[in-house]
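Here is the structure we will look at, set down as structure tokens.
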Amino acid sequence: MSGLRRPLGLAAVVAIVLAALNLRPAVVAISPVLGEIRTDLGLSATAAGVLTTLPVLCFGLLAPLAPVLARRWGLERALFVSLVLLCVGFGLRLVPSTAGLFAGTVVAGCAIGLGNVLLPALIKRDFADRIGLMTGLYSMALSGGAALAAGLTLPVASAAGLDWRGALATWGVLAVLGAIVWVPRALRPDPAGTVAFGPGTGPAAARSVVWRSPLAWAVTVVMGMQSLSFYAVNAWLPEIMVALGRTPEAGGWLLALCNLAGIVGSFVTPVLAGRMPRQRGIGLVLVVLVGSGLLGLAVAPGAAALWVVLVGLGQGGGISLALTLMALRARDAAHTSELSGMAQSAGYLLAATGPLGLGLAHDVTGAWTLPLLLLVAAAAVQGAAVWFAGRDAHVH
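Spelled out as structure tokens, the structure:
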């Protein structure tokens, strides 16, 4: 078990994957029932965009807090708290009011924002010699959770006779299961839980360097643009399909197909990228996949199944590449922690403009062509950033 801090084994891998599965359903499950939510609560597309933007905004705002909690409580306890908080968020969504929906979404977003930072840090601490494999499994679980939420939310609700509140709350069962699995880990004495973050969020010199580094900002833009595209597509794809004459169920299944394709991209990408001195080529391939898929949806929506597969492959690979770049572009653990914190905090704040921006563009134009073309433009920005971030260099 060389390279591991202690012999965690299969049980630790299962616990990490289960926690990662919980990091997307609370957000993605909204999309298949968004039309029902808008009708029931009288929300405009812009207001619905705010609903889907809130969790992503929380991701960015909570990212700097995660290292603080990990240093105080240990990684395992902090992650357990985030899963309990996620359960609370699902519960609040059952409150029969608009305020309950929005409050539950904020709480769930805060919980996921913590998990987004804590899980990669745990992987880095305990699987330092298998970082590519574990990053791939982690990314696959992210895409898998999104695919499950996209494809099963409506069918499960229909089979059980649930309204949209009940449909959203069903994913709380997965969060409860995740919290239960992490109870024994949270109760263990913390052996070295803070080591992944160092004695501050990292030395002050490392913190200063990353925020002044053009390379670090390029990695941040890669993270932000791929996340913007992912959350915008996951927020609005079923609605776009309904506007084109598909049923809500068909829209949900197309979103599930998109995320299933993402599982493939998310596993293959870090394995390939970790073996390359430069990641420009693979990064541009991913951008072309996303851009061509989005353009296809805008101009030839009849082949939607093909286009969403391309988008999913590119987006799944995009999150894996962004996480891999955070490790590859840093010289040491201190710089890795600081670069990860910067890229996730600023990157998710940038990504939060995606769902809201698409909703606003739809309200202004009354159609989905311009919003999709705006996402193509975002993919072009991601391509420029990945060209710079993918060179063989380190933040200094």
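Residue numbers (my numbering): 5 to 400.
Ideal placement from N, C-alpha and C gives every residue a C-beta, glycine not left out.
Predicted, not measured: the structure shown is a model, and the values here were computed from it.
Boundaries (first-last residue) of the alpha helix (DSSP H) holding residue i
i: asparagine 263; result: 252–277
i: glutamine 386; result: 373–393
i: methionine 144; result: 135–164
i: proline 305; result: Element bounds for proline 305: n/a, residue is neither H nor E.
i: asparagine 120; result: 102–130
i: tryptophan 221; result: 218–247
i: alanine 189; result: For the record, residue 189 in the displayed sequence is arginine; it is not alanine. Unbroken alpha helix (DSSP H) run through arginine 189: 176–191.
i: leucine 90; result: 79–96
i: glycine 170; result: 168–173
i: aspartate 396; result: Premise fails: aspartate 396 is in no alpha helix (DSSP H) and is neither H nor E.
i: valine 54; result: 49–66
i: proline 29; result: 29–32
i: valine 18; result: 13–25
i: arginine 42; result: 38–45
Cβ-based neighbour list, residue i, same chain, cut-off 6 Å, excluding 5 preceding and 5 following
i: alanine 356; result: Thr57, Val60, Leu61
i: alanine 393; result: Ala222, Val223, Val226, Leu329
i: glutamate 80; result: Arg189, Ala190
i: glycine 197; result: Unreliable positioning characterises glycine 197 in this predicted model, as indicated by a pLDDT of 48, which lies under 50. The coordinate reading is nonetheless provided below. Excluding positions up to five away in sequence, the list reads Gly78, Leu79.
i: valine 31; result: Pro59
i: alanine 154; result: Val32, Gly256, Leu259, Ala260, Asn263
i: glutamate 40; result: Trp168
i: leucine 290; result: Gly318, Gly321, Gly322
Cβ shell of residue i (< 8 Å), same chain only, five flanking positions each side left out
i: leucine 8; result: Note that leucine 8 scores 42 on pLDDT, short of 50, meaning its location in the model is unreliable; the coordinates nonetheless yield the value given after this. Only Asp130, Phe131, Ala132, Asp133 meet the Cβ criterion.
i: serine 270; result: Gly140, Ser143, Met144, Leu146, Ser147, Gly320, Gly321, Ile323, Ser324
i: valine 187; result: Phe84
i: leucine 378; result: Gly361, Leu362, Ala365
i: proline 218; result: Phe392
i: arginine 192; result: Glu80
Contact under 8 Å by Cβ, residue i with residue j
i: alanine 236; j: leucine 362; result: yes
i: serine 324; j: proline 274; result: yes
i: leucine 354; j: alanine 365; result: no
i: arginine 28; j: glycine 149; result: yes
i: proline 36; j: threonine 174; result: no
i: leucine 376; j: leucine 276; result: no
i: serine 86; j: glycine 119; result: yes
i: serine 293; j: leucine 327; result: It should be noted that the sequence gives leucine, not serine, for residue 293. No, they are not a contact pair.
i: serine 83; j: leucine 126; result: What sits at residue 83 in the sequence shown is leucine, not serine. Taking 8 Å as the Cβ cut-off, leucine 83 and leucine 126 qualify as a contacting pair.
i: valine 390; j: arginine 279; result: no
i: leucine 360; j: glycine 53; result: yes
i: valine 246; j: leucine 317; result: no
i: tryptophan 240; j: methionine 346; result: no
i: alanine 220; j: valine 399; result: yes
i: serine 233; j: alanine 382; result: yes
Residues of its chain near residue i, where Cβ-Cβ distance is below 7 Å and the 5 sequence neighbours each way are ignored
i: glycine 204; result: Residue placement at glycine 204 is flagged as unreliable, the pLDDT there being 48, under the threshold of 50; the coordinate-derived value follows with that caveat. Nothing listed; no residue qualifies.
i: serine 48; result: Asp367
i: valine 111; result: Leu89, Val92, Gly93, Leu96
i: arginine 282; result: Gly394, Arg395, Asp396
i: tryptophan 372; result: Ile244, Ala247, His366
Could you tell me whether the segment 334–353 touches the segment 165–175, where touching means 3 or more Cβ pairs closer than 8 Å? No: fewer than three Cβ pairs fall under 8 Å.
Touch test, the segment 306–321 against the segment 180–190, Cβ-Cβ under 8 Å, three pairs minimum: no
Mind the definition here: the segment 62–81 touches the segment 136–155 only if three or more C-beta pairs lie below 8 Å; say whether that holds. no
Inter-stretch contact (C-beta, 8 Å, three-pair minimum) for the segment 107–115 and the segment 79–95: Taking 8 Å as the limit for Cβ pairs, the verdict is that the segment 79–95 does touch the segment 107–115.
Where in the segment 332–359 do unbroken runs of the alpha helix (DSSP H), each at least 4 residues long, occur, reported from the N-terminal end onward? 337–355
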